[in-house]
Amino acid sequence: MKIEIPERVQSIIDTLVENGYEAYAVGGCVRDSLIGRTPNDWDITTSAKPFEVKSLFKKTIDVGIEHGTVTVMLDNVGYEVTTYRIDGDYIDNRHPEEVQFTKDINEDLARRDFTINAMAYNETNGLIDPYDGAKDLDKKLIRCVGNPSERYNEDALRMLRAIRFSAQLGFDIEKETYNAIKNNSHLIKNISVERIRDEITKIIMSDNPEKFLVLYDTGLLELIMPEFIPNINCPQNSPWHKYTVDEHILRALMNIENRFDLRWTMLLHDIGKAKCRYRDEKGIDHFWHHPEEGAILAEDILRRFNFDSFNLNKIVRLIRYHDIDMAVDGPKLRKTINIVGIDIFEDLITVMNADDSAKAEVVWIENREKYDAIKQSFEMFIENKYCLRKKDLAINGDDLIDLGYEQNSSLGKAINYLFDKVLETPSLNTSDSLKELASQYLKTIKDNTELEEFEFVILASDEDYNHDESYLEDKEN
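Each residue of the sequence shown is one higher than the one before, counting from 0 in numbering that gives the first Met the number 0.
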């Protein structure tokens, strides 16, 4: 068995060995190499103590030296080199109270989480595999090193990591390892929300995002995202659906590109459905206003997980508008784009496509060509620089004041009126045309003339997404 070790990694190992120490590539890089995956990074373990490692290399960084880890810099790339160690007692279900260095590679491997991560390799000694990690790779099995409950009590994050590796690798979780998650799920309360968020992200961004439901079966979901649970096995007795809500969510999740913001959007896009479910006298289920309810729930969840404001705002908006009715072209589509926001409109079409792909086939067949046409219209609007935001009008408030407007409510109403006219007829967005329209509108105000011919839709500012959607047709999902 031979693993191809990158040149710089091999150089670090050689330097340590030539100076009388043991050194191996260890952990995930060995695992991935054995199953034909390209490792994301290479970690090195050694019998040399941190100060001894530092003495052998020109540039090092003390990133975790209290736990025996030194980052060795070669050609501006960092490689973590960690001394063989034995962990002391874990007092917070996450970090050891102290560590002891050891000269025995097997003692170091004994502290690791899963057998497939407890392997080390160098070219001289080959594979060091005291817990049969290679056999578990062949069996496609996630199994704890030693007693699973002990491993989880040491570090409760390992419960989520087991599910994450199962999703990323497409492996099953060994029975005792799985049952121990159920028995110790309460320990997850000791893990930071950021760590939990990152593991959920890796699960839903894997090739097997349906493994998310393992969180429910093991009891973890109730503790970290209880809002999702009412949707599990929630029926959708409707001509537009063929799956329960949770099945629909996970199928839609699998049908969207592997991007952080889009995967989280699909995970939460229908989270408000169970709360909004109504069955009519014909036995048909309806979920009126579930996008709005879902946006509220999603915002609470994302804030709890400390999402950055940019992604939080974007995901919540995508959820709020994921069921909005759209025309293929014309003024109504331009008004919808303004409501949704240019910045997320193309992503919204992607979300709506994925959503429909997990509904009844008749919905998907009906809408997929429509979404292509909408996207083409949007691209045409952008290419031709159509005015889709009030800030893109050819005149502004100062221009209106120059025409005789006062700084009161009439100024805002005039801007809204002009913007609505431009959405209806894009060619009107010139300074001369808008000044003429504005002058006519001002005259009607001064003459106290009836404004029937000047009816307009009041749109909120581009920064305010609580727009008036009354002119849009109600659409039932």
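Cβ atoms here follow ideal geometry from the backbone N, Cα and C, with glycine treated the same way.
Beta-bridge partners of Gly-63 (DSSP): Thr-68. Judged by DSSP secondary structure, Arg-367 falls within the alpha helix (DSSP H) whose first and last residues are 360–382. Note that the C-beta distance between Ala-372 and Ala-251 is not below 7 Å. In the DSSP assignment, no residue is bridged to Thr-200. Pairing Lys-48 with Phe-100 gives a Cβ-Cβ distance under 7 Å. Straight-line measurement puts the Cα of Asp-206 at about 19 Å from the Cα of Ile-115. Bounds of the alpha helix (DSSP H) holding Thr-176 are 174–183. Straight through space, the alpha carbons of Arg-196 and Asn-124 are spaced by roughly 39 Å. Selection Arg-262, Ser-408, Thr-44 and Thr-264 evaluated against Tyr-120 yields Thr-44 as nearest (Cα-Cα). Annotation for Val-52: no beta strand (DSSP E) segment contains it, though the alpha helix (DSSP H) segment containing it runs 49–55.
Two segments are said to touch when three or more pairs of C-beta atoms, one from each, lie closer than 8 Å; by this definition the stretch 369–384 touches the stretch 341–357.
In the structure shown, His-285 adopts extended strand secondary structure according to DSSP, grouped into three states.
With respect to the C-alpha of Arg-157, the residue from Leu-317, Asp-135 and Asp-112 having the closest C-alpha is Asp-112.
The residues Ile-11, Phe-56, Thr-59, Tyr-78 and Val-80, in chain order, have a CB closer than 6 Å to that of Val-71 in the same chain once the five nearest residues on each side in sequence are set aside. Nearest to Arg-262 by C-alpha distance, out of Gly-293, Val-144 and Thr-349, is Thr-349. Taking 7 Å as the cut-off, the beta carbon of Lys-313 is found no closer than this to the beta carbon of Asp-269.
Arg-278 is bridged by DSSP to Asp-284. Taking a contact as a CB-CB distance under 8 Å, the pair Ile-141 and Arg-110 does not count as one, their CB atoms being some 17 Å apart. When only Cα atoms are considered, Val-76 and Glu-423 end up about 56 Å apart. In this structure, Tyr-83 sits near Ser-46, with a CB-CB distance shorter than 7 Å. Non-local beta-carbon contacts of Lys-369 in its own chain, meaning distances under 7 Å to residues more than five positions away in sequence, involve Val-327 in chain order. Under DSSP, Glu-79 takes part in a beta bridge, and its partners are Thr-70. Within its own chain, the residues whose Cβ lies closer than 7 Å to the Cβ of Pro-147, once the five positions on either side in sequence are excluded, are Glu-175, Thr-176 and Ala-179, listed in chain order. For Arg-84, the secondary structure class from DSSP, reduced to helix, strand or coil, is strand. Cβ-Cβ separation between Glu-345 and Arg-319: approximately 17 Å, too far for a contact (criterion under 8 Å). Within its own chain, the residues whose Cβ lies closer than 6 Å to the Cβ of Val-421, once the five positions on either side in sequence are excluded, are Cys-386, Leu-427 and Asn-428, listed in chain order. Within a 10 Å sphere around the beta-carbon of Pro-238 sit fewer than 16 other beta-carbons, which makes this residue exposed.
A distance below 7 Å between beta-carbons, with the five flanking residues on each side excluded, links Val-25 to the following residues of its chain, in chain order: Asp-42, Ile-43, Thr-44 and Ala-119. A Cβ-Cβ distance of about 7 Å is found for the pair Glu-209 and Met-253, placing them in contact under the 8 Å criterion. Per DSSP, the continuous alpha helix (DSSP H) segment holding Ala-161 begins and ends at 156–168.
In this model, Gly-35 and Gln-167 are separated by some 14 Å (Cα to Cα). Phe-286 is a Cβ neighbour of Lys-272, given a cutoff of 7 Å. Collapsing the DSSP output to three states places Leu-140 in a strand. Its Cα nearest to that of Glu-153, the residue Ile-190 stands out among Val-362, Ile-190, Arg-258 and Thr-200.
Contact check for Val-29 against Val-52 fails: the beta carbons are separated by 7 Å or more. Within the DSSP bridge table, the entry for Leu-126 names Tyr-120 as partners.
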